[in-house]
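**Q**
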Amino acid sequence: MNWAIKLLRFAALSSSLMLSLWLMAQSDTSKTILLDATVVKDSSETKRIGISPILSADTFQLTGYNLTEALQLIPGISVMSTGRGNSKPVIRGMYGNRILVLLDELPFSNQQWQDEHGLGLNAMALQKIEVVKGPQGVLYGTEALGGLIHFHTYAAPLPGTASFSSISSFESNGNALGQQLAYAQAAKTRWHRLWLSLENSADYRDGNGNRVLNSRYDAYRFRYSTGRQYQNRTSSTSFFTSLNRNGFIFQDLNTFLIPDEIGSRNLVRNPNHMVVLNRLDHEEVWLLRKTDIVKFNASVSANQRMENEGSGKISLNMLLLNAQYRLRWDRTLSTRSKLSIAQSTLLESNTNLGARILVPDSRQLNLNLGAVYTYLLSSTSTLEAGLGTGYTLISTLAKTGTAVPIQQEIGPFHKQSPFANASVSLKKSFAGAWKAELQTASGVRVPNLAELASEGLHEGVYTYEIGSPNLKNERLYSLTASLNYERKKVNVQVSPFVQRFHNYIYLAPDGSDWFGFPVYRFKQDGVNQVGVEGFAAIQFQSKWLAQMGIAWTKSQTDQGAFLPFTPPLKVSPSLRYGNVQIRNWGFSFQANAEVLAKAAYLFPEEVGSSSYCLVNLVLESRYNTSKTSWQFTIGVKNVLNEAYFDHLSRLKNFGVLNPGRSVNFQLKLSRAKK
Numbered sequence: 002m003n004w005a006i007k008l009l010r011f012a013a014l015s016s017s018l019m020l021s022l023w024l025m026a027q028s029d030t031s032k033t034i035l036l037d038a039t040v041v042k043d044s045s046e047t048k049r050i051g052i053s054p055i056l057s058a059d060t061f062q063l064t065g066y067n068l069t070e071a072l073q074l075i076p077g078i079s080v081m082s083t084g085r086g087n088s089k090p091v092i093r094g095m096y097g098n099r100i101l102v103l104l105d106e107l108p109f110s111n112q113q114w115q116d117e118h119g120l121g122l123n124a125m126a127l128q129k130i131e132v133v134k135g136p137q138g139v140l141y142g143t144e145a146l147g148g149l150i151h152f153h154t155y156a157a158p159l160p161g162t163a164s165f166s167s168i169s170s171f172e173s174n175g176n177a178l179g180q181q182l183a184y185a186q187a188a189k190t191r192w193h194r195l196w197l198s199l200e201n202s203a204d205y206r207d208g209n210g211n212r213v214l215n216s217r218y219d220a221y222r223f224r225y226s227t228g229r230q231y232q233n234r235t236s237s238t239s240f241f242t243s244l245n246r247n248g249f250i251f252q253d254l255n256t257f258l259i260p261d262e263i264g265s266r267n268l269v270r271n272p273n274h275m276v277v278l279n280r281l282d283h284e285e286v287w288l289l290r291k292t293d294i295v296k297f298n299a300s301v302s303a304n305q306r307m308e309n310e311g312s313g314k315i316s317l318n319m320l321l322l323n324a325q326y327r328l329r330w331d332r333t334l335s336t337r338s339k340l341s342i343a344q345s346t347l348l349e350s351n352t353n354l355g356a357r358i359l360v361p362d363s364r365q366l367n368l369n370l371g372a373v374y375t376y377l378l379s380s381t382s383t384l385e386a387g388l389g390t391g392y393t394l395i396s397t398l399a400k401t402g403t404a405v406p407i408q409q410e411i412g413p414f415h416k417q418s419p420f421a422n423a424s425v426s427l428k429k430s431f432a433g434a435w436k437a438e439l440q441t442a443s444g445v446r447v448p449n450l451a452e453l454a455s456e457g458l459h460e461g462v463y464t465y466e467i468g469s470p471n472l473k474n475e476r477l478y479s480l481t482a483s484l485n486y487e488r489k490k491v492n493v494q495v496s497p498f499v500q501r502f503h504n505y506i507y508l509a510p511d512g513s514d515w516f517g518f519p520v521y522r523f524k525q526d527g528v529n530q531v532g533v534e535g536f537a538a539i540q541f542q543s544k545w546l547a548q549m550g551i552a553w554t555k556s557q558t559d560q561g562a563f564l565p566f567t568p569p570l571k572v573s574p575s576l577r578y579g580n581v582q583i584r585n586w587g588f589s590f591q592a593n594a595e596v597l598a599k600a601a602y603l604f605p606e607e608v609g610s611s612s613y614c615l616v617n618l619v620l621e622s623r624y625n626t627s628k629t630s631w632q633f634t635i636g637v638k639n640v641l642n643e644a645y646f647d648h649l650s651r652l653k654n655f656g657v658l659n660p661g662r663s664v665n666f667q668l669k670l671s672r673a674k675k
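Throughout the sequence shown, residue numbering follows our numbering, covering 2 to 675 in sequence.
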């Protein structure tokens with residue numbers, strides 16, 4: 002095991018050095034998520050409760066939104082952000098490692114125990130995305146307490162084909178530039194795919210026209226995939242590497258950082274976060290006796306996070322090494338029943354390489370085994386039941402470094418956490434167009450490393466955080482109902498939910514200070530959560546589509562306090578006129594609004610957002626020939642130039658507003674041949 006850790010560490014450090022030096026030398030058809038994010042298709046995947054339709058990631062780029070911004074157009078999905086280039090999805094108010102992010106069946110580890118650690122992915126190489134709300138721990142273990150987001154990359158191209166695509170983009174607010182290149186080629190049994198993505202942005206301006214200093218970012222990504230088709234087996238391997246840098250925005254930044262010229266993209270001198278990720282994946286799929294499908298996924302990854310907090314040197318430097326696999330067996334038992342069994346194992350190592358220490362070096366083992374049985378009670382009724390169990394072991398090492406306090410409260414420890422999950426759902430179709438579902442499920446989340454062992458000054462917010470190795474597992478009991486009416490041109494759905502958390506973990510001040518910095522400790526309490534999500538769509542006159550989404554949630558502890566970062570009431574109307582064809586030309590126009598109420602449920606001393614309305618427009622044109630497709634898009638985000646901050650922005654405490662109006666341009670060229 003030691004040689005593997007050393008090899009991964011060497012690969013991460015080498016790629017980090019090369020990419021850093023290089024940067025320093027620089028100065029499938031589907032509908033757009035903007036309008037069609039929650040139109041339910043007639044497939045078994047989308048009929049499961051809490052699941053959004055499977056979305057095409059290609060279409061995200063046509064809306065002017067980044068990956069996580071596009072996801073929040075689905076009712077119940079929000080975004081927690083630390084600047085424009087650093088965001089992560091939130092499901093029903095749950096974030097961090099209460100939400101499991103999967104990349105091709107396996108967890109995507111990005112040190113997400115910290116709120117400000119972004120997702121680190123964009124739409125490059127992604128074919129479809131699945132969002133599942135509510136506890137999914139039966140098959141996925143401890144981190145799927147609030148739901149999961151599954152990113153699926155492109156599979157094998159059609160045999161005997163080759164294709165090339167280029168996407169160039171520009172965003173006026175921040176002069177953001179983007180370029181993606183993709184190539185795919187397939188022979189009879191073997192195929193290859195190649196992607197390259199570059200993003201770069203200067204500081205943005207808010208709705209008042211003020212420059213948000215150091216809100217710049219850049220990202221560089223590369224992915225290669227190859228695979229082979231056998232008679233009853235498919236095999237594929239992929240390698241992904243990326244470098245993401247985001248300007249560091251924190252209290253009193255303007256007191257020591259001299260503003261550089263407007264339009265500067267320099268992140269060498271300015272305080273910044275930098276994340277280098279390398280990940281190698283392999284997948285094997287077997288089709289056995291036409292009734293069994295066996296899928297095996299494995300990956301190793303190295304994720305290095307480095308932070309320059311203003312001194313010009315890296316202070317916080319953490320390396321996360323990860324090795325994992327997942328084995329799933331799906332068997333059709335009869336014409337009325339099906340069984341799915343999944344087992345997964347994850348090994349993780351976190352090592353501090355810098356002087357400043359917030360969480361200690363650690364080793365972690367996660368095990369999970371689960372099964373789901375599906376039985377067709379009648380032609381209109383289905384029963385599904387699942388049971389899962391797992392085990393987590395976290396071991397920490399002694400802290401070393403110049404910033405470690407002389408007297409530490411938390412020493413090295415070993416924490417073992419067994420857990421179990423269960424779920425039952427009943428689905429019923431009636432009167433032709435009506436579908437109903439009732440699901441109850443439990444979930445368990447093992448406390449993460451920051452909650453158990455943090456002991457240091459949190460960068461940017463200047464709070465001294467102290468964890469507790471004695472924290473108990475979070476437990477969740479969830480009840481969700483869904484009622485859906487669907488005709489050819491009309492779709493209406495409402496989904497209320499009630500959830501009870503035991504031992505919910507949150508961060509709160511204890512009234513003391515550490516050398517003038519307020520001390521915060523992780524505490525636990527029971528939490529009651531209620532909410533509802535709704536959606537309606539109607540198509541008329543063949544070309545027009547009108548939609549409306551709504552989401553509301555309320556989370557309150559047994560002590561009467563509301564949870565921090567509770568999303569406010571949100572209503573999302575949209576209208577589209579599209580699919581206009583004139584010979585080889587195609588046109589579409591779409592508009593949507595995001596209407597958010599004033600934040601009503603505030604944690605003590607939390608800064609709440611005011612009500613606001615964002616209006617967004619997109620105009621798209623297409624020109625197709627037999628082998629080539631041109632697609633040009635103009636989008637305007639925040640048309641009214643609203644001056645606001647999102648309630649889930651981590652920069653709201655500093656008075657930093659979200660971006661103002663921005664005009665986006667994109668040109669996509671696709672060429673294919675047989």
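Using N, Cα and C, we set each Cβ at its ideal position, and we do this for glycine too. These numbers come from a predicted model, not from an experiment.
Alpha carbon to alpha carbon, what distance is there between Leu-359 and Leu-320?
**A** Numbered from 1 along the sequence shown, position 319 holds the residue referred to as residue 320. Numbered from 1 along the sequence shown, position 358 holds the residue referred to as residue 359. Cα to Cα, the separation comes out at about 13 Å.
**Q** Could you tell me if Ala-399 is buried or exposed, where buried requires 16 or more neighbouring beta carbons within 10 angstroms of its beta carbon?
**A** On the sequence shown, residue 399 is found 398 positions in, with the first residue counted as 1. Ala-399 should be labelled exposed.
**Q** Which residue spans inside the segment 63-127 form an unbroken beta strand (DSSP E) run of at least 3?
**A** Complete beta strand (DSSP E) runs here, min 3: 78-82, 88-92 and 100-104.
**Q** Quick check: the Cα distance between Gly-532 and Glu-70, rounded to an integer number of angstroms?
**A** As a working note, residue 532 is residue 531 in the sequence shown. As a working note, residue 70 is residue 69 in the sequence shown. Roughly 22 Å separates the two Cα atoms.
**Q** Return helix, strand or coil for Asn-367, following the three-state DSSP convention.
**A** For the purposes of this step, residue 367 is identified with residue 366 of the sequence shown, where counting begins at 1. Strand, per DSSP.
**Q** Which word fits Asn-298, buried or exposed, when buried means at least 16 other C-beta atoms lie within 10 angstroms of its C-beta?
**A** Within the sequence shown, the letter at position 297 stands for residue 298. Asn-298 should be labelled buried.
**Q** Where does Thr-336 fall in DSSP's three states?
**A** In the sequence shown, counting from the first residue as 1, residue 336 sits at position 335. Note: Thr-336 maps to coil in three-state DSSP.
**Q** Is the CB-CB distance between Leu-620 and Arg-577 below 8 Å?
**A** Here residue 620 refers to the residue found at position 619 when the sequence shown is read from its first residue. Here residue 577 refers to the residue found at position 576 when the sequence shown is read from its first residue. Contact flag unset, no.
**Q** Given this structure, state the Cα-to-Cα distance separating Leu-668 from Gln-181, to the nearest angstrom.
**A** Along the sequence shown, one-based indexing puts residue 668 at 667. Along the sequence shown, one-based indexing puts residue 181 at 180. Their Cα atoms are separated by approximately 11 Å.
**Q** Residue ranges of each beta strand (DSSP E) run of no fewer than 3 residues wholly in the segment 489-533, ordered along the chain?
**A** Those beta strand (DSSP E) runs which fall completely within the segment 489-533 and span 3+ residues are 491-515.
**Q** For Val-664, does the three-state DSSP call read helix, strand or coil?
**A** Within the sequence shown, numbered from 1, the residue matching residue 664 stands at position 663. Strand, per DSSP.
**Q** What does the alpha-carbon distance come out to for the pair Ser-164 and Ser-671?
**A** As a working note, residue 164 is residue 163 in the sequence shown. As a working note, residue 671 is residue 670 in the sequence shown. Distance between the alpha carbons of Ser-164 and Ser-671 is about 7 Å.
**Q** Looking at the structure shown, is Thr-292 part of a helix, part of a strand, or coil, going by DSSP?
**A** By one-based count along the sequence shown, residue 292 stands at place 291. Three-state DSSP puts Thr-292 in coil, outside helix and strand.
**Q** In whole angstroms, what is the alpha-carbon distance linking Thr-333 and Thr-383?
**A** Numbered from its first residue, the sequence shown carries residue 333 at position 332. Numbered from its first residue, the sequence shown carries residue 383 at position 382. Approximately 15 Å, taken between the alpha carbons.
**Q** Leaving aside the five residues before and after Ser-424 along the sequence, list all residues of the same chain whose C-beta is less than 6 Å from its C-beta, in chain order.
**A** Within the sequence shown, numbered from 1, the residue matching residue 424 stands at position 423. Once the five neighbours on either side are set aside, the close Cβ partners of Ser-424 are Val-139, Gly-387 and Ala-442.
**Q** Could you pull out every residue in the same chain whose Cβ sits closer than 6 Å to the Cβ of Met-275, ignoring the five residues on either side in sequence?
**A** Indexing the sequence shown from 1 puts residue 275 at position 274. So the qualifying residues of the chain are Arg-246 and Met-307.
**Q** Should Asn-580 go down as buried or exposed, given a rule of 16 or more other Cβ atoms within 10 Å for buried?
**A** Start at 1 with the first residue of the sequence shown, and residue 580 comes out as number 579. So Asn-580 counts as exposed.
**Q** List the endpoints of the continuous beta strand (DSSP E) containing Thr-397.
**A** In the sequence shown, residue 397 corresponds to position 396, counting from 1. Unbroken beta strand (DSSP E) run through Thr-397: 382-397.
**Q** Run the CB neighbour count on Ser-543, radius 10 Å, all protein chains shown included, and call it buried at 16 or more, exposed below.
**A** Your numbering for residue 543 matches position 542 in the sequence shown. Result: exposed.
**Q** Leaving out five residues before and five after Gln-560 in sequence, what residues of the same chain have Cβ atoms less than 7 Å from its Cβ?
**A** Here residue 560 refers to the residue found at position 559 of the sequence shown. Asp-526, listed in sequence order.
**Q** What is the rounded straight-line gap between the Cα of Asn-659 and the Cα of Gly-208?
**A** Within the sequence shown, numbered from 1, the residue matching residue 659 stands at position 658. Within the sequence shown, numbered from 1, the residue matching residue 208 stands at position 207. For Asn-659 and Gly-208, the distance between alpha carbons rounds to 8 Å.
**Q** With the cut-off set at 8 Å, would you say Tyr-507 and Pro-565 are in Cβ contact?
**A** Residue mapping note: residue 507 aligns to position 506 of the sequence shown, counting from 1. Residue mapping note: residue 565 aligns to position 564 of the sequence shown, counting from 1. Yes, these two residues count as a Cβ contact at 8 Å.
**Q** Among Leu-127, Ala-157 and Ser-479, which has the Cα closest to the Cα of Ser-426?
**A** Counting from one through the sequence shown, the residue named residue 426 turns up at place 425. Considering only alpha carbons, the answer is Ser-479.
**Q** Could you round the C-beta distance between Ser-345 and Gly-142 to whole angstroms and report it? I think they count as a contact, below 8 Å.
**A** As a first step, residue 345 must be located in the sequence shown, where it is residue number 344. As a first step, residue 142 must be located in the sequence shown, where it is residue number 141. Right, their Cβ atoms sit about 6 Å apart.
**Q** Between which two residues does the beta strand (DSSP E) containing Gly-587 stretch?
**A** As a working note, residue 587 is residue 586 in the sequence shown. Its beta strand (DSSP E) spans residues 586-597.
**Q** Give a yes or no on contact between the segment 312-331 and the segment 77-91, applying the rule of three or more CB pairs nearer than 8 Å.
**A** Verdict: no, contact absent.
**Q** Let me confirm a value: Ala-145 is counted as buried when at least 16 other C-beta atoms fall within 10 Å, else exposed. Which label applies?
**A** Within the sequence shown, numbered from 1, the residue matching residue 145 stands at position 144. Classification for Ala-145: buried.
**Q** Give me the Cα-Cα distance between Trp-435 and Ile-75, rounded to the nearest whole angstrom.
**A** In the sequence shown, counting from the first residue as 1, residue 435 sits at position 434. In the sequence shown, counting from the first residue as 1, residue 75 sits at position 74. Straight-line Cα distance between these residues: approximately 22 Å.
**Q** With H, G and I counted as helix, E and B as strand and the rest as coil, what does DSSP make of Ser-166?
**A** For the purposes of this step, residue 166 is taken as residue 165 along the sequence shown, with counting starting at 1. Correct three-state label for Ser-166: strand.
**Q** So if DSSP puts Asp-207 in a beta bridge, which residue, or which two residues, is it bridged to?
**A** In the sequence shown, counting from the first residue as 1, residue 207 sits at position 206. The partner list for Asp-207 (beta bridge, DSSP) reads Pro-660.
**Q** Grouping DSSP H, G and I as helix and E and B as strand, with all else coil, what is Phe-249?
**A** The sequence position of residue 249 within the sequence shown is 248, counting from 1. Correct three-state label for Phe-249: coil.
**Q** Among Ser-622, Ser-650 and Asn-593, whose alpha-carbon lies nearest the alpha-carbon of Glu-607?
**A** Position 606 of the sequence shown, counting from 1, holds the residue named residue 607. Out of Ser-622, Ser-650 and Asn-593, Ser-650 has the C-alpha closest to the C-alpha of Glu-607.
**Q** Is Leu-500 near Ser-483, with beta carbons less than 8 Å apart?
**A** For this step, residue 500 is matched to residue 499 along the sequence shown. For this step, residue 483 is matched to residue 482 along the sequence shown. It is Gln, not Leu, that sits at residue 500 in the sequence shown. The answer is no: Cβ separation not under 8 Å.
**Q** Within this structure, are the beta carbons of Asn-309 and Asn-351 separated by less than 8 Å?
**A** Stepping through the sequence shown from its first residue, residue 309 is reached at position 308. Stepping through the sequence shown from its first residue, residue 351 is reached at position 350. Against a cut-off of 8 Å, the Cβ pair of Asn-351 and Asn-309 comes out as no contact.
**Q** Leu-140 lies in the alpha helix (DSSP H); which residues open and close that run?
**A** Numbered from its first residue, the sequence shown carries residue 140 at position 139. Per DSSP, Leu-140 belongs to the alpha helix (DSSP H) from 138-141.
**Q** So who's on the other strand from Phe-633, going by DSSP bridges?
**A** Within the sequence shown, numbered from 1, the residue matching residue 633 stands at position 632. The partner list for Phe-633 (beta bridge, DSSP) reads Ser-622 and Leu-668.
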